[in-house]
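Peer 1: According to numbering that gives the first Met the number 0, the residues represented by the sequence shown are 0 to 239, in order. Using N, Cα and C, we set each Cβ at its ideal position, and we do this for glycine too. Let me give you the structure first, and then I'll get to my questions.
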Amino acid sequence: MELILVRHGQPAWTTPDGKGRNDPGLTELGHAQAKRAADRLADTEDLPGRGDVDRLFVSPAVRAQETAAPIAAALDLPMETHEWLWELRNPDRWEGKPIEEIEREFEVLNTRTREEWWGGHEGGETLRDFHTRVTTGIRGLLASLGTTPSEVEGLWDVDPASPVGDGTVDRIIAVAHGGTNSTIIAHLLGAAPEPWEWDRFSMGHASVALLVLTPMAGHHIWSLRSLGDANHLAVDDRTA
């Protein structure tokens with residue numbers, strides 16, 4: 000099985016008068032990035048893989064929904080929205096706050112210790128809760144397809160009678176966020192959790208990561224085959 004992770008296109012985080020948004024839509028460039036990603040994903044010869052995409056999972060955030068819409072149209076698949084795919088939830092007080100003040104809060108967080116990082120921003124979701132939400136979500140999704148962690152640490156098992164085991168589901172896409180995608184990658188690779196997953200497995204806007212479930216030692220492992228692949232975007236259209 001192949002798991003394709005897509006990060007949303009460039010979001011309009013700031014209003015014209017310089018205020019922050021917690022759930023923004025895409026910029027004009029972001030919509031163009033999403034369209035190019037859709038064209039890339041619809042071309043099974045261009046993107047490494049074994050065939051057509053079977054399922055499309057999407058974060059409920061506006062920026063992810065707007066990124067997934069052209070992908071769903073290009074692949075002729077319904078968008079299956081899952082709450083657990085949402086990015087780390089910002090404090091409600093950030094909505095409408097001057098963007099300079101929000102940026103300063105990130106600067107302060109970057110100076111904190113690892114343990115303080117796990118607490119996140121005051122009033123927002125903690126990084127511990129975020130990590131638990133995402134890892135529980137991806138395990139639940141994979142279990143629904145017949146893929147579960149083995150009793151042997153770091154390995155995975157596939158139920159032969161499941162959608163993955165019988166080949167009914169062979170290729171899935173999740174359209175989400177930088178933090179969500181990076182947390183999924185780290186978890187599936189067996190990396191110890193960190194509160195700064197974003198910077199361990201970094202993906203630009205509308206870029207793609209590919210993980211492949213690979214037979215190993217009588218079980219399976221998740222193999223990371225590409226990360227932050229943005230070959231479908233012109234160099235000048237790539238944003239972080």
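Considering only the beta carbon of each residue, do His-7 and Thr-80 sit closer than 8 Å?
Peer 2: Going by C-beta atoms, His-7 is not nearer than 8 Å to Thr-80.
Peer 1: Taking contact to mean 3 or more Cβ pairs, one atom from each stretch, closer than 8 Å, check whether the region 179-187 and the region 198-210 are in contact.
Peer 2: Judged by Cβ distances under 8 Å, the region 179-187 makes contact with the region 198-210, as three or more pairs qualify.
Peer 1: Which stretch, first to last residue, makes up the alpha helix (DSSP H) that contains Arg-138?
Peer 2: Note, Arg-138: alpha helix (DSSP H), 126-143.
Peer 1: Within 10 angstroms of its Cβ, does Gly-19 collect 16 or more other Cβ (buried), or is it exposed?
Peer 2: Flag for Gly-19 reads buried.
Peer 1: Compute the beta-carbon to beta-carbon distance between Met-78 and Val-61, rounded to the nearest angstrom, for a pair I have assumed lies under 8 Å.
Peer 2: Not confirmed; about 13 Å, so no contact.
Peer 1: In angstroms with no decimal places, state the Cα-to-Cα distance between Arg-103 and His-176.
Peer 2: Cα to Cα, Arg-103 sits roughly 22 Å from His-176.
Peer 1: DSSP on Asp-198, reduced to helix/strand/coil?
Peer 2: Correct three-state label for Asp-198: helix.
Peer 1: Evaluate Ser-206 with the Cβ neighbour count: other Cβ atoms within 10 Å of its Cβ, from every protein chain shown; 16 or more gives buried, anything less gives exposed.
Peer 2: Result: buried.
Peer 1: Measure the beta-carbon distance from Ile-70 to Val-174 and round it to whole angstroms, keeping in mind my assumption that it falls under 8 Å.
Peer 2: That belief holds up - the Cβ atoms of Ile-70 and Val-174 are roughly 7 Å apart, short of 8 Å.
Peer 1: Let's test the definition: count the other Cβ atoms within 10 Å of the Cβ of Gly-189 and tell me whether it reaches 16, buried, or not, exposed.
Peer 2: Counting Cβ neighbours within 10 Å, Gly-189 comes out exposed, since fewer than 16 surround it.
Peer 1: Report the three-state DSSP secondary structure of Leu-223 (helix, strand or coil).
Peer 2: In the structure shown, Leu-223 sits in a strand (DSSP, three-state: E or B).
Peer 1: Using three-state DSSP, classify Asp-158 as helix, strand or coil.
Peer 2: DSSP places Asp-158 in coil when its eight states are reduced to three.
Peer 1: Report buried or exposed for Ala-229, applying the criterion of at least 16 other Cβ atoms within 10 angstroms of its Cβ.
Peer 2: Flag for Ala-229 reads buried.
Peer 1: DSSP has Val-211 in a bridge; who is on the other side?
Peer 2: Beta-bridge pairing links Val-211 to Glu-1, Ser-222.
Peer 1: Distance check for Ile-171 and Pro-209, CA to CA, integer angstroms please.
Peer 2: In the sequence on display, residue 209 carries Leu and not Pro. Each residue's alpha carbon lies about 10 Å from the other.
Peer 1: Which same chain residues end up closer than 7 Å to Gly-17 when comparing Cβ atoms and leaving out the 5 residues on each side of it in sequence?
Peer 2: Excluding positions up to five away in sequence, the list reads Pro-97, Ile-98.
Peer 1: For the putative contact between His-231 and Arg-39, defined by C-beta atoms under 8 Å, what is the C-beta separation to the nearest angstrom?
Peer 2: Yes, His-231 and Arg-39 are in contact; Cβ-Cβ is about 4 Å, under 8 Å.
Peer 1: Just the C-alpha distance for Asp-158 and Arg-224, rounded to the nearest angstrom, thanks.
Peer 2: Going by the C-alpha atoms only, they are around 23 Å apart.
Peer 1: How would you label Val-133, buried or exposed, when you count the other beta carbons within 10 angstroms and need 16 or more for buried?
Peer 2: Counting Cβ neighbours within 10 Å, Val-133 comes out buried, since at least 16 surround it.
Peer 1: For a test of the three-state rule: what should DSSP assign to Gly-153, helix, strand or coil?
Peer 2: Looking at Gly-153 - three-state DSSP - the assignment turns out to be coil, as it is neither helix nor strand.
Peer 1: Would you decide whether Thr-14 is buried or exposed? Buried here means 16 or more other CB atoms lie within 10 Å of its CB.
Peer 2: Exposed: under 16 other Cβ atoms inside 10 Å.
Peer 1: Does the Cβ-Cβ distance between Thr-147 and Val-163 come in under 8 Å?
Peer 2: No. Outside cutoff.
Peer 1: Would Ile-220 and Trp-117 be called neighbours here (beta carbons separated by less than 8 Å)?
Peer 2: Contact flag unset, no.
Peer 1: Going by C-alpha to C-alpha distance, which of Thr-135, Ala-37, Ser-143, Glu-121 sits closest to Leu-84?
Peer 2: Closest option to Leu-84, Cα to Cα, is Thr-135.
Peer 1: Which two residues bound the contiguous alpha helix (DSSP H) that contains Val-61?
Peer 2: First-last of the alpha helix (DSSP H) with Val-61: 61-74.
Peer 1: Per DSSP, which residues does Lys-34 bridge with? Please list them.
Peer 2: Bridge partners of Lys-34: none, in fact.
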